[in-house]
Each structure stands twice: as C-alpha cells, then as structure tokens.
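Numbering (this note's numbering), first residue to last: -12 to 316.
Dropping the structure here:
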C-alpha cells in the first residue's frame, strides 16, 4: 500500500507544478469529477498531476476540478458548462447525474473533445462523448455478487448501499449484482437465487461518508438478522473512524460470517480496516490510472486518432484469504 501513501504525500508539490505550467500558457485538459470531497476522486487527481510531472514539455496540462460536494449534481453540470464556454482543449467528465449532464451537453454542443471517466452517460447518450475510460461497472457488480455467493452460498437477506440516484456507474453495479444473484432481468431481489433485498433498501448516500455510516448503522440496528450488506461504493469506509464505530456493534457477526460485508473501492485507509476484519471482500477500482490516462486519451482524440470505446480499467479483488492490494505492509 506504500504506493498510495507516497502518491498522497506528493499531491501539493505536483499541483503547484501544474499551476506554474498553466501560467506558461499551456492548453488545458480538464478532468471534472463528481466532488472534490471524495477521497476516491483524489486518486484521479493524483493520476492527472502525475501525468503533468511526467510530461513537463507537453503543450497540454491536465487540471482537476469538481464541486465542493459530491451531492451537488447541478454544480457539476454548471462547472462543465462553464469550462466548455471558456474553451478548454478537451474535457473528461465523471457525471454525477448522467441524464442531467447529457441534457447540458446536447444543448451546448461542445466543439472540443469530450470523454467520460469513472462514470459514463447513459447508453442512449453515448454519442455525446468520444469514449469512456474507467471500470466496467456491471462487471464490478458481478464481482461483488460472486463474492456474496462464495461467502453465503444459500443466499439470505441483503441491503445494497448505492450513491447518487442518477449515477450511471453505480446503477450498472447494482444491475450486475442483482442479475448475478437473481438471473437476467432482475430489477429487485425478491427471493431469486435465495436472495431478498430488505424493504428499507437500497439506500442512497449521495456519495457522503457521514450519510453512508448513519444509513449503515440504522439498517443494521433495525435488521439484527440481516445476512449481507453490500457497499456498492466505499463511501462508509472513506471515514475510517466512523466506519469502525458503525461496525463495532456487529463485529461478532462479521467475524463469524453470520453477517457478510462486501465493499467497493480501496484507498489508503482501507487496508487497516480490512486487516481488522471489518469487511470480507473489497472490489477495487483503479482511479489513479483513470486520472493518468485521461489527458493522453484526450490528446489522441485532438490529434484525430481513433480510440476504443469503451476503455476499461481492471479490477483488483481483496479477500481475507488473499488480501492482495489490501494487505498491510
């Protein structure tokens, strides 16, 4: 895990280098995320800034921005529109609300290259961007469900914790989970494959760690016999101390396997939580790679090169038997 800690320590230096390059008149390649309050997106920032550090003589510079809060869907849409109006050289967007972002793009009709990163627009709006770079989110859901089946082969009751209602990437993960556990076309688990979603779920965090932990606590307290909790994104774990408090009261059930916890994402604080046994499996994305590759893909598009669509980054799976990247050094 040292690579994450080392990258985090270099954030300020790289960002200052980027600011200096902007003053030299470089062309801007903007990476816009759902919210800069989310530590997952900070890894995208680190990738973007590392690209700048590795390409000091490029005529382009990668910039990272987003609304202050991941819950500010309209703020992100307005930020992207402002950048398009200003006239950046290219833009990579992680849409918080896929439909709202597409409506704006269709109205503005940008002339510069537009791609999506981490989260895509809806399938029917794919023509509004050149390509998508990031996780195959349906497959991420499949991987989560596969771990659930391994750990609870007879099924049980489950709660899905999702992010923003309009986020296409999160909804694709939920579809992957439900269809893997319940069969093709399953929109809600009502006993298919032995799995049933409890009435109170899914819950939506709006990408807020405090909301995620409060929701998780309330669900676990109200459903003492819940068999499984799936954090479709790692929001609750992004606040490690709060997550410890959330899970402290059910650690006996988690340790015994009576309650299974499968979570998305791995950031610098995840390995310690994982080593403490506070989840059984983590399905990790590669946000640093997304941030690092985005400017290069935009430059390819600017130069008239054909780029694949989509461009999927890999997943890393941590289990208690094989912790992988979740191992504590």
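Cβ coordinates follow ideal geometry from the N, Cα and C atoms, glycine included.
These figures come from a predicted structure and were not determined experimentally.
Would you call residue i buried or exposed, if buried means 16 or more other Cβ atoms sit within 10 Å of its Cβ?
i: residue 172; result: exposed
i: residue 274; result: buried
i: residue 199; result: buried
i: residue 79; result: buried
i: residue 265; result: buried
i: residue 67; result: buried
i: residue 242; result: exposed
i: residue 112; result: buried
i: residue 132; result: buried
i: residue 60; result: buried
i: residue 43; result: exposed
i: residue -4; result: At residue -4 the pLDDT is 35, less than 50, meaning the model places this residue with poor confidence and gives no usable figure here.
i: residue 211; result: exposed
Leaving out five residues on either side along the sequence, give the residues of the same chain with a beta carbon under 7 Å from the beta carbon of residue i.
i: residue 108; result: 82, 85, 88, 89, 115, 116 and 155
i: residue 276; result: 34 and 300
Distance check for residue j and residue i, CA to CA, integer angstroms please.
i: residue 1; j: residue 40; result: Interpretation of residue 1 is limited by its pLDDT of 38, a score under 50 that renders its predicted location unreliable; no figure is taken from the coordinates.
i: residue 299; j: residue 214; result: 32 Å
i: residue 134; j: residue 249; result: 7 Å
i: residue 301; j: residue 312; result: 13 Å
i: residue 130; j: residue 314; result: 19 Å
i: residue 175; j: residue 262; result: 32 Å
i: residue 142; j: residue 216; result: 12 Å
i: residue 195; j: residue 202; result: 11 Å
i: residue 101; j: residue 62; result: 18 Å
i: residue 54; j: residue 24; result: 8 Å
i: residue 33; j: residue 75; result: 20 Å
i: residue 139; j: residue 145; result: 11 Å
i: residue 219; j: residue 157; result: 7 Å
i: residue 256; j: residue 168; result: 30 Å
i: residue 184; j: residue 177; result: 6 Å
i: residue 3; j: residue 164; result: Low confidence applies to residue 3: its pLDDT is 39, below 50, so where it sits in the model is not reliable enough to give any reading.
i: residue 278; j: residue 291; result: 21 Å
i: residue 26; j: residue 186; result: 30 Å
I need the boundaries of the beta strand (DSSP E) containing residue i, first residue and last residue.
i: residue 303; result: 303 to 306
i: residue 216; result: 215 to 218
i: residue 298; result: 298 to 300
i: residue 269; result: 268 to 271
i: residue 249; result: 247 to 251
i: residue 149; result: 143 to 149
Keeping to the same chain, check which residues put their C-beta closer than 6 Å to that of residue i; ignore five residues upstream and five downstream.
i: residue 189; result: 147 and 149
i: residue 204; result: 233
i: residue 159; result: 124 and 125
i: residue 191; result: 149 and 152
i: residue 105; result: 81, 121 and 277
i: residue 166; result: 173
Give me the Cβ distance between residue i and residue j, rounded to the nearest whole Å; I'm assuming they're in contact under 8 Å.
i: residue 22; j: residue 56; result: 5 Å
i: residue 18; j: residue 35; result: 5 Å
i: residue 253; j: residue 207; result: The Cβ separation is near 23 Å, so there is no contact.
i: residue 309; j: residue 271; result: Between residue 271 and residue 309 the Cβ distance is about 13 Å, and since that is not below 8 Å, they are no contact.
i: residue 77; j: residue 99; result: 5 Å
i: residue 16; j: residue 47; result: 5 Å
i: residue 70; j: residue 95; result: Not confirmed; about 10 Å, so no contact.
Leaving out five residues before and five after residue i in sequence, what residues of the same chain have Cβ atoms less than 8 Å from its Cβ?
i: residue 118; result: 102, 103, 284, 288, 294, 295, 296, 297 and 298
i: residue 359; result: Outside the displayed span of the chain (-12 to 316) sits residue 359, for which this structure offers no information.
What are the start and end residues of the alpha helix (DSSP H) that includes residue i?
i: residue 38; result: 26 to 41
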